[in-house]
Structure formats: structure tokens, C-alpha cells
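Peer 1: Here it is, the structure in full.
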Amino acid sequence: MTDFTGSDALAARARFATDARTLSLDGEWAVRFSPSWAEAPDDLGDPELAIDGWGRIPVPSSWPMQAEGHGRPWYTNTKFPFPVEPPFVPDENPVADHAVRFDWEPGDATVLRLEGVDAAGTVVVNGVEVGTTRGSRLVHEFDVSREVRSGSNLLVVRIARWAETSYLEDQDMWWLPGLFRPVTVLDRPADGIRDLRVEADWRDGVATLRVEVDADAPARVSVPELGIELAAGQRVEVPGAEPWLAEAPRLYDLVVAAPGETARLRIGFRTVRIDGHRFLVNDRPVLLRGVNRHEHHPDLGRVVPRATVEHELRLMKRHNINAIRTSHYPPHPDLADLADELGFWLIVECDLETHGFIHVDWRGNPSDDPAYEAAYRDRMARTVERDRNHPSVIMWSLGNESGVGRNLAAMAEEARRRDPSRPLHYEGDWTAADTDVYSRMYAHPEEVALIARGEEPPLDDPVLDARRRGMPFLLCEYAHAMGNGPGGLAEYQELLDSSDRMAGAFVWEWLEHGIRRRTPDGREYWAYGGDFGEPVHDGNFVADGLVDADRNPRPQLADLATVFAPVRMRIGADEVEIANRQDHIGVSWLRAEWELSTAAGAVVSGELALPEVAPRESAVVPLPDRARGDGVLTIRVVTAGESTWAPAGHEVAWAQRGALAVPAAPAATGAPRREGRTIALGSARIDAVTGLLRLDDPDRGDLDLGGPELVLWRAPTDNDRGHGLLPLRGHDREELSEEQAWEAAELPRLTTRVESVEAGGTFVEIVTRVAPAIFDWGARVRIRYTSDGDVLGMGVRVEPVGAWPCTWARAGLRFRLPFAPSAHWLGLGPGQAYPDTGLAARLGEWSASPDELRTDYVRPQENGSRRGVVSVDLTDARGSGLGITGEPFAFTVSPWTAAQLAAAAHPTDLPDPGEGSWLTIDLAQHGIGTASCGPGVLEPYRLTPRTVEGRIALTRI
Ligand code: IPT
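Numbering (this note's numbering), first residue to last: 57 to 1013.
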């Protein structure tokens, strides 16, 4: 029998704290696995079922993370890992019976609450089936009053990995079955509270409160802190209340007292409203600076300990993130509590995604199949009812990537009927027929610019078009944070800031879903799709976050903090313009510090008094006299006091003015001397046959540089590789990815032919032609060496030859160093920076250890470049090595060649690098973009083959 909704669960209701008895059943349970539904023993009707001989498993858990051999972690993005023939699923369908004994003294009534059963549960109490669950991330409560008895009770939950509803749960994540959220037994007193509905509004500066109570006896409602008491159902004004805002999350304790039970809730006063094309909270427009958040833990799967969640939310706050889309299902119930407390705007999404039907041209999509309507409604109801009392929740989302169809309209109707106070979101239908906001994902900035101006291409239906054109706009996903990238955050932010139609944007995604594994010799790595031998999978597309699975920030998180900053500054010669980019509050919680590094090497600093600046307003303040003048001026805005998410002094914004002085080229005083095939020029020895360099030094020893060698390629990033998984609507996927285009042009494999070597009065000039096999395109590299005896000057010119059919990844000179250097540099830092990334990098003096110079992405790829550098010392443990100065250049140090990085699936596959390392000095680089899912490198950052020049100088140090 097909079961789309589950059976016999109680009506969905809100979650609240209660003084009625509860018993958590979380802990160690017994478990018994069967290879399939058909083979699972027919013994659950036995109230004395002997479970002592079963295995043991923690609850909550995702069972493939706990026990091997009963179905593996299995990653697919959109593909169903089984034949598409709804509602059927394969016979090979592992079943896990989870069982626990518990002691209970029944009162008036007893309810069993299961907060997350993936994928389908059959719930049996003392041998009696009490119901079934469908909807993995949804709460199910069962009245078990008739089945429980005084003393010891037996609960068994039979869980199947696949069910008819797996067709509705095709989110881009690991398929991980289990009893993965809390299980609780609840006493329900006769005169207790079944449900609560809070309306805590804020309009025109006036707070009002109304609480509906579903109880058999009259209940009193109070907010002790505000000294108010009211009857259930009564609406009152609440003088003296402060509003709840993500920027200032003011909560009040609400107490609801019925004769048999007292309930408590944290409430906040706020009203969400759409006014024309503006999205308003408490009468003011809001810009959501958001991330998409999945729930994943590298050791536990879908179970994320509360401490981890608290840590990650604080990390978000510390990076200026103010909104979360709970992609693509309702989160653990504690999330909304924490968002209320810390201050986030939440879009809570329903547990729905039917994306896999895209592979069969959406034939049979449940979204338009009446047989599934009840399931769609049930899912929406459970989503809305659980979290509707939270001030942080400002929108409901019907689900993700589920095509179009009548069941979505039914869901929207269900949501609006249950909660008319919140707008609806759904991206999958571009007509926005069932929603209140127009939402898109991965739209190109050019299209976003049109939408910002209300000039997007029209829909065929003029009525729908007019309606949609009048709506606020959201980018529910953008800036795909996979591997090295995303590039282009600044361009998106400029558009988001450009129009009050823009309600905000959510980076895809917060977290990488790596699973911690070890090589046979014990080295840790992040496993991704395919690492568990899954027959169909989508590789490392599961690892595309701002933080790794341990919540360690990737470099892109600092970039995001920069564009999301609550304050923006523009520093002029004598004054600074300070823009308050917050929506509701002033800047009195912040203070500012300045520091001027003069060209002469002095550092002066002081405080900058911040004026009162109203939200979305700006002010100009004069710079203190001592902060004026040449050099690099940095202003940092930091928190004035400690908060729930950061200590005092935490930086939220910064700005700089000025530039670093470019060191002078060495005087050309040395004259070249020919010594056999070598040309000596000052301390340099140039091989006249190969063009390779050595720096001689009698004290420190000679340094063989194994270069310069022109490199035009890099180990493809995930963005260079492009999407390649499925056609993206609105994007032309006929094009080759950068990686494919580079391969086709033989960019990775260049050979060198020295064309000329000329030794003049005070210079040596070497011209080489560097080119791939097969084709007639290449590059001519002209290097003019000069020396003052010590320092070797290099004037470099790289000129394309022939008609290259692709971009260049870089125009770099590669050298081989016989050690793994630490770096000390003047330039942008401290983190990595490519032409369209590194927004957090600022001018300064920075140091990094060999490890800090690398970013070990889940799949090895180009990483670690530092740009805007005018001077760097690369030294071994004794402090000896190579110094480079010059016009701003980028440097990258890697233990591995680009080819080695490109060939490895995991960092642990890389060969032992030995002692040495590869240094690349780039005169130009191609941007990063976000083509792993979305637009490629934007025009200004593309490195189309062109003449590139630069001047550097090398010194043995
Ligand atoms: C989009 C999905 O909504 C999201 O779940 C994730 O898969 C993301 O892509 C890529 O990581 S869908 C895509 C076809 C635009």
C-alpha cells in the first residue's frame, strides 16, 4: 500500500517548552538490520520482543555513519539513485529496526514525538502499530495513551531507507537514513495546552500581542517583564515593548498558564510586510545577506550537536551574515530558537525536492500528480505549524527545485491559510505564480541588473508578468562557494545595494558536506561522492561551502564578511564617508580605529569618533590631522562591547586608502661576462642554452632557481571545471568549461625554444618561444636582465603568438626552490586573493608559514595566490632564501606542480613533495568566477591572451 503522508499522526502544532512531564528517549538503542523490506522479520507485534541480542546504535543517528554493511552514505545531487518509476523503490531497501525500552507512568494522555525519521518509519509501541511517518525532516507525534502502560514499555521504529516519498526528498546531499533527531515521550495533562499561536506584531511603532490557545480549560497569558496579562484570544497593545530585529534581537518570555500545564515561549515583536516591490520588516526595507544552510556533520551525518550549531551561527554573525535559508527542509527544531536569540532572518523551507525528474524531462513529476497532493499539503502544514511562533522566521519556502504543478499551488494555499502573516518563496516556478517574492538562483549579474531596474524580459502571460514585476526580488542561491572561489561577490553586492526591489541573496552554501575518512596509513581526508563506491554519484559537488565540514572557514568566508559589512567607508584625502548599511539600527554599538603607515615606515594610529548615522544613511566626518598624508591609511570598525556572538573589538568593517611604494629597480651597473655556456651578471648565472638562472652567494650558498619558465595554466579549480552535471536553465552549456578549453588548446603542456640570447653592455636579454605541441599558437617571452652586482633586475614581456582559442589561466614565471619557504611580504594579505576574489585582503606587511600559504581544498586545485605584492622574502628555516621585489605581482608557493594537483582526487593522493617547492610569480591571472554552478569569470577579470609586462628583481637572502 502506498503511503504518501504517513498515518495516524496527530495534527501538527507549535513547539513550546512545558512544565508537563517529558522523557527524552535519546541515548543508546538496540538495532537490527534487514537487507530489504520483504526480508524484515514479521515480529514487531510481539510486545515482549527480545531486543537484547540486537546490535547497539545511538539515537539520534544516521545509521550508515554508525554501522557498515547496511547501505552506504550515498551522494547524488539531482539524480535519483534508483530507477524513476514513482511510487516504487528498489527491492534492495535496507531496513533498520530501532528499539528501546523505557519506564513511564501514564498520566491523562501520552504522546510520542519523533522529530526526524529518514526516510519512512513504522512506529510500534508494546507490539501495537501506532502509525507511520513520511517526511524525513518533519515532526510526527502519535497519541500512544492506549498502548503505553505503567512501568516498562517497548518502542520499536522500523525504518526503511527508501520509500515512495523518496521521490519528494531529492535534495543535493548525502542520502543518509536513520532516526536522526530527538525522540520524546510527553505527558499530556487533561487541562493542558494543545497548541499556541502567537501574534506579536509591530506596526507604526506600536507593538500588539494576541495569543490563541488551544486548550480545554481557560488559560491566562502573561509577559511578566512587560507587566502585561491578557486572556487567550485577546489582542492588546504592549506599551514599552521593543521590537525584535535580526540586528537587535529583543526577546520576551511569554507564559501561558492553563489549569493543567504552564507553557513558555520566547517571543519577539515584528511584522513582515510586502509593500509594492519592497520587502519590509517593521515598516522598513530589509536586505537579507544570507547563506543556505544544510545540516551535516562529518562524523555523524545528519546529526549536528547543539554546540556545533551554536558555534556555526556565531561564526555566521561574526562574518556579517544576517539571514539563513534552511535549504532544503525544516532544520532541527532548536535552530529557530538560536536564530531568535542571536538575530537571524530565516526562510524556513519545506522538506520537498523532486529535482531528479529533470533527467526524464519532468515526466511524472509528483508536483503535478494529484496522488501526491495530500503529501504536499501535509509537508507544508508540518513545516508551518512547528515554527510559526518564531520572530526570526520571516518567510516560508515551498521547497526547492520541484518543477511546476498544481500541488505547489495547493501547498501555497495551505501555508497562507495556516499563516497569513508571512510571505511565500519558491524558486522553481519562474512565473512566481504561487509566491509573494520573485526568486532566482545563479542568475548572471547582467540579468540581476535588469531585474533590479524592473526591466527583466517579460513573461508570456501579461497578468503574471505585471504581478511578478511588482514583486521584491531574492537570489535564493548565488556565488557557488565550491573549491577556490566564488569570484564576483563584489559585483553581485553592488547590484543588491542598487535598488529597493532587492530583498537579498543567499550564498550557496554555508557548509561542505565532507565525511571524515582515513587512508589505510591513517591520514585524514574529506570523502565525497564516489568514495563509498556508489554506482552513480556526483563527486565533489557535495563540497561547496564557505566552511569545511569541521566549520573551519575557507578563504571565501572572509570575502563574504567584507561585502556584507554593516558599515561601508570611502576614505578621501581629508574625510571619510561612513555609510550605515544596516536596515534598522544606528552605529552606536561600533567604534572605529585608524592606522596610517607612512611611506617612510612610521605607523601612527588613533580612534575615529563615529557620528550617529541612521540606518541606510551616511555621514561624512573629517579625518584627524595625524591620519592625513601619504601612505596607507586603514580604518577598522569594531564592536564596542561584548555581544552574544563576538567579543569587544571584533572587526565588522574596514577600508583603506593609499598604495604601497614600488621598490626601485636595481641600478644597471653590472656588465655580463661569458663563462662557457653561462653568462655571469652580478651574482646571477644565466644558462645561455636553457635560460635557467642561478643566484650565487659565497656565504649563503648558490641557489639554483630551476626557472624562469613561462606557465599559462593552473590546476583547474572547481569553477574552471564548470558544472557539467546538468543543464542550467538560462545558461548556455554548449560552451566548453575553462578546463576543457585549456585542454583542447594544449595549454597545460608547453615547450620552450630559446630564440635569442643577447649580452649587451649592462644587460642580458633572452627571448624564448613557448608553445604547445600540435598547434601554431604560443607566446614569446622577452626577459631583460640587469644587475647592480647583488640584485638581479628582470624586465619581463610576454606576448601571445597566433590565435589562441582559449583564455590563459595566468601569465606566470615558475621557479623551483630547494626548500618549503615561509613568506614575509608587503602587499595584499593575509589570505589568498585572485583578480575577482580576496576582497578581504588588505595592504600590509604579512607573514605566513609554508602550511598557511596553502589552502587544501577537498579536491586539490589551484590555491594560495597572494596578489598586489611589491616585496616578498621566501626563506627556509635558517632565514635564508630568495627575495623578490617589483611592480605589484602575485606569488604562489606550492609543494606540488599544477599537473600533480590536477591529477589528485584528494589531498592524500598527492605525492610526497620532498623538500622542494614550486614558486610562481604571476604578472597576470584569469579570475575565478563561479561557473561550478553559475556564471563564469566576468569580463574585466578574464585573461584573454594579450601582451603582459612586468618588472621584478631577485636577491639571494
Ligand atoms: C541548486 C540546488 O538548489 C542546490 O540544492 C544545489 O544543488 C546547488 O544547485 C548546487 O550546489 S540547483 C542547480 C541546478 C542550479
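All residues carry an ideal CB built from backbone N, CA and C; glycine is no exception.
Note that this is a predicted model, so its numbers are computed, not measured.
1) Are the CB atoms of valine 279 and aspartate 243 within a distance shorter than 8 angstroms?
2) State the beta-bridge partners of methionine 558 as determined by DSSP.
3) Helix, strand or coil: which one does DSSP assign to histidine 787?
4) Which of the three DSSP states, helix, strand or coil, is assigned to alanine 933?
5) Would you kindly report the start and end of the unbroken alpha helix (DSSP H) that includes histidine 367?
6) Do you know how far the Cα of threonine 61 is from the Cα of glutamate 104?
7) Any beta-carbon of chain D closer than 8 angstroms to the one on proline 856?
8) Please give me, in chain order, every unbroken run of the beta strand (DSSP E) with length at least 3 that falls completely inside the region 240-291.
9) Alpha carbons only, please: which of Ala468, Ala256, Leu531 is nearest the one belonging to alanine 379?
10) Is the distance from the Cβ of histidine 411 to the Cβ of glutamate 457 below 8 angstroms?
11) Based on DSSP bridge pairs, tell me the residues matched to arginine 898.
12) Let me know if valine 416 comes out buried or exposed under the rule of 16 or more other beta-carbons within 10 Å of its beta-carbon.
13) For glutamate 814 and leucine 966, what's the separation of their Cα atoms in angstroms?
14) Check whether the Cβ atoms of alanine 946 and aspartate 912 sit closer than 8 angstroms, and answer yes or no.
15) From what residue to what residue does the alpha helix (DSSP H) around tryptophan 798 run?
16) What did DSSP end up calling leucine 749 once you bin it into helix, strand or coil?
17) Is any non-hydrogen atom of the ligand NAD found closer than 7 angstroms to the C-beta of asparagine 421, if you look at the structure I gave you?
18) Exposed or buried, glutamate 293, counting other C-beta atoms within 10 Å across all chains shown (16 or more means buried)?
19) Taking just the CA atoms, how far does valine 359 sit from valine 365?
20) If you count every other CB in all the chains shown that lies within 10 Å of the CB of leucine 918, and 16 or more means buried, which is it?
21) Could you tell me if arginine 785 is buried or exposed, where buried requires 16 or more neighbouring beta carbons within 10 angstroms of its beta carbon?
22) Can you find the residues in the same chain that come closer than 6 angstroms, C-beta to C-beta, to serine 554, ignoring five residues on each side of it along the sequence?
23) According to DSSP, is alanine 73 helix, strand or coil?
24) What are the boundary residues of the alpha helix (DSSP H) that aspartate 434 is part of?
25) If you scan the region 671-705 from start to end, which runs of the alpha helix (DSSP H) of 4 or more residues do you find wholly inside it?
26) Looking at isoleucine 450: is its Cβ nearer than 8 angstroms to the Cβ of arginine 474?
27) Figure out for me which residue from Gly685, Val677, Gly642, Val669 has the closest Cα to the Cα of alanine 658.
28) Determine which residues share a DSSP beta bridge with methionine 451 and list them.
29) Are the CB atoms of valine 820 and proline 722 nearer to each other than 8 angstroms?
30) On the DSSP bridge assignment, give the partners of alanine 771 in chain order.
31) Is any heavy atom of the ligand IPT found at a distance shorter than 7 angstroms from the C-beta of aspartate 604?
32) Taking the alpha-carbon of arginine 69 as reference, which of Arg128, His196, Ala865 has the nearest alpha-carbon?
33) From aspartate 932 to aspartate 606, what distance separates their C-alpha atoms?
34) Do alanine 865 and arginine 770 count as a contact pair if the criterion is CB distance below 8 angstroms?
35) For histidine 196, which three-state DSSP category applies?
36) To the nearest angstrom, how far is the alpha carbon of leucine 781 from that of methionine 229?
Peer 2: Concretely, from the data shown:
1) Here residue 243 refers to the residue found at position 187 of the sequence shown. Here residue 279 refers to the residue found at position 223 of the sequence shown. In this structure, valine 279 does not lie closer than 8 angstroms to aspartate 243 by Cβ.
2) In the sequence shown, counting from the first residue as 1, residue 558 sits at position 502. According to DSSP, methionine 558 bridges with Phe529.
3) Counting from one through the sequence shown, the residue named residue 787 turns up at place 731. Any answer about histidine 787 is weak, because its pLDDT of 46 lies below 50 and its placement is not dependable; what the coordinates show is given next. Note: histidine 787 maps to coil in three-state DSSP.
4) Along the sequence shown, read from residue 1 onward, the residue named residue 933 stands at position 877. Assignment of alanine 933 by DSSP, reduced to helix, strand and coil, places it in the coil class.
5) Residue mapping note: residue 367 aligns to position 311 of the sequence shown, counting from 1. Start and end: 362-374.
6) For this step, residue 104 is matched to residue 48 along the sequence shown. For this step, residue 61 is matched to residue 5 along the sequence shown. Cα to Cα, glutamate 104 sits roughly 29 angstroms from threonine 61.
7) The displayed structure is made up of one protein chain only, and chain D is not part of it.
8) Listed in chain order, the complete beta strand (DSSP E) runs (minimum 3 residues) inside the region 240-291 are 249-259, 262-271, 276-279, 284-287.
9) As a working mapping, residue 379 is identified with position 323 in the sequence shown. Closest by C-alpha distance to alanine 379, out of Ala468, Ala256, Leu531, is Leu531.
10) Along the sequence shown, read from residue 1 onward, the residue named residue 411 stands at position 355. Along the sequence shown, read from residue 1 onward, the residue named residue 457 stands at position 401. Against a cut-off of 8 angstroms, the Cβ pair of glutamate 457 and histidine 411 comes out as a contact.
11) Taking the sequence shown and counting its residues from 1, the one referred to as residue 898 is at position 842. Gly885, per the DSSP bridge assignment.
12) Within the sequence shown, the letter at position 360 stands for residue 416. Looking at its Cβ environment, which holds fewer than 16 other Cβ atoms inside 10 Å, valine 416 is exposed.
13) As a first step, residue 814 is located in the sequence shown; it is residue number 758 there, counting from the start. As a first step, residue 966 is located in the sequence shown; it is residue number 910 there, counting from the start. Glutamate 814 and leucine 966 have their C-alpha atoms spaced approximately 41 angstroms apart.
14) Residue mapping note: residue 946 aligns to position 890 of the sequence shown, counting from 1. Residue mapping note: residue 912 aligns to position 856 of the sequence shown, counting from 1. Note that the C-beta distance between alanine 946 and aspartate 912 is not below 8 angstroms.
15) The residue given as residue 798 occupies position 742 in the sequence shown. Tryptophan 798: member of the alpha helix (DSSP H) spanning 794-800, first to last residue.
16) By one-based count along the sequence shown, residue 749 stands at place 693. When secondary structure is reduced to three states using DSSP, leucine 749 falls in the strand class.
17) For the ligand NAD, the structure offers nothing, since it holds only the ligand IPT.
18) One-based indexing of the sequence shown puts residue 293 at position 237. By the 10 Å Cβ count, glutamate 293 comes out exposed.
19) The residue you call residue 365 lines up with position 309 of the sequence shown. The residue you call residue 359 lines up with position 303 of the sequence shown. Cα-Cα distance, rounded: 10 angstroms.
20) Locating residue 918 in the sequence shown gives position 862, where the first residue counts as 1. Going by the sequence as given, residue 918 is glutamate instead of leucine. Buried: at least 16 other Cβ atoms inside 10 Å.
21) Mapped onto the sequence shown, residue 785 falls at position 729. A caution first: arginine 785 carries a pLDDT of 45, below 50, which makes its placement in the model too unreliable to give a value.
22) Here residue 554 corresponds to residue number 498 of the sequence shown, with the count starting at 1. Here the set comprises Ala508.
23) Here the question's residue 73 lines up with position 17 in the sequence shown. Looking at alanine 73 - three-state DSSP - the assignment turns out to be strand.
24) If you number the sequence shown from 1, residue 434 lands on position 378. Counting along the chain, the alpha helix (DSSP H) containing aspartate 434 begins and ends at 429-443.
25) For the region 671-705, not a single whole alpha helix (DSSP H) run of length 4 or above is found.
26) The sequence position of residue 450 within the sequence shown is 394, counting from 1. The sequence position of residue 474 within the sequence shown is 418, counting from 1. Not closer than 8 angstroms, so no.
27) Position 602 of the sequence shown, counted from the start, is the residue given in the question as residue 658. Of the residues Gly685, Val677, Gly642, Val669, the one whose Cα lies closest to the Cα of alanine 658 is Gly685.
28) For the purposes of this step, residue 451 is taken as residue 395 along the sequence shown, with counting starting at 1. Note: methionine 451 sits in a beta bridge opposite Ile403.
29) By 1-based counting over the sequence shown, the position of residue 820 is 764. By 1-based counting over the sequence shown, the position of residue 722 is 666. No; because the gap between Cβ atoms is not below 8 angstroms, this pair is not in contact.
30) On the sequence shown, residue 771 is found 715 positions in, with the first residue counted as 1. DSSP lists no partner for alanine 771.
31) Taking the sequence shown and counting its residues from 1, the one referred to as residue 604 is at position 548. No - the ligand IPT has no heavy atom lying nearer than 7 angstroms to the Cβ of aspartate 604.
32) In the sequence shown, residue 69 corresponds to position 13, counting from 1. Ranking the options by Cα distance to arginine 69, first place goes to His196.
33) Position 876 of the sequence shown, counting from 1, holds the residue named residue 932. Position 550 of the sequence shown, counting from 1, holds the residue named residue 606. Cα to Cα, aspartate 932 sits roughly 31 angstroms from aspartate 606.
34) Residue numbering aside, residue 770 sits at position 714 when the sequence shown is read from its first letter. Residue numbering aside, residue 865 sits at position 809 when the sequence shown is read from its first letter. A contact, by the Cβ cut-off of 8 angstroms.
35) Here residue 196 refers to the residue found at position 140 of the sequence shown. In the structure shown, histidine 196 sits in a strand (DSSP, three-state: E or B).
36) Within the sequence shown, numbered from 1, the residue matching residue 781 stands at position 725. Within the sequence shown, numbered from 1, the residue matching residue 229 stands at position 173. For leucine 781, the pLDDT reaches just 41, beneath the cut-off of 50, and the residue's location in the model is therefore unreliable, leaving the point undetermined.
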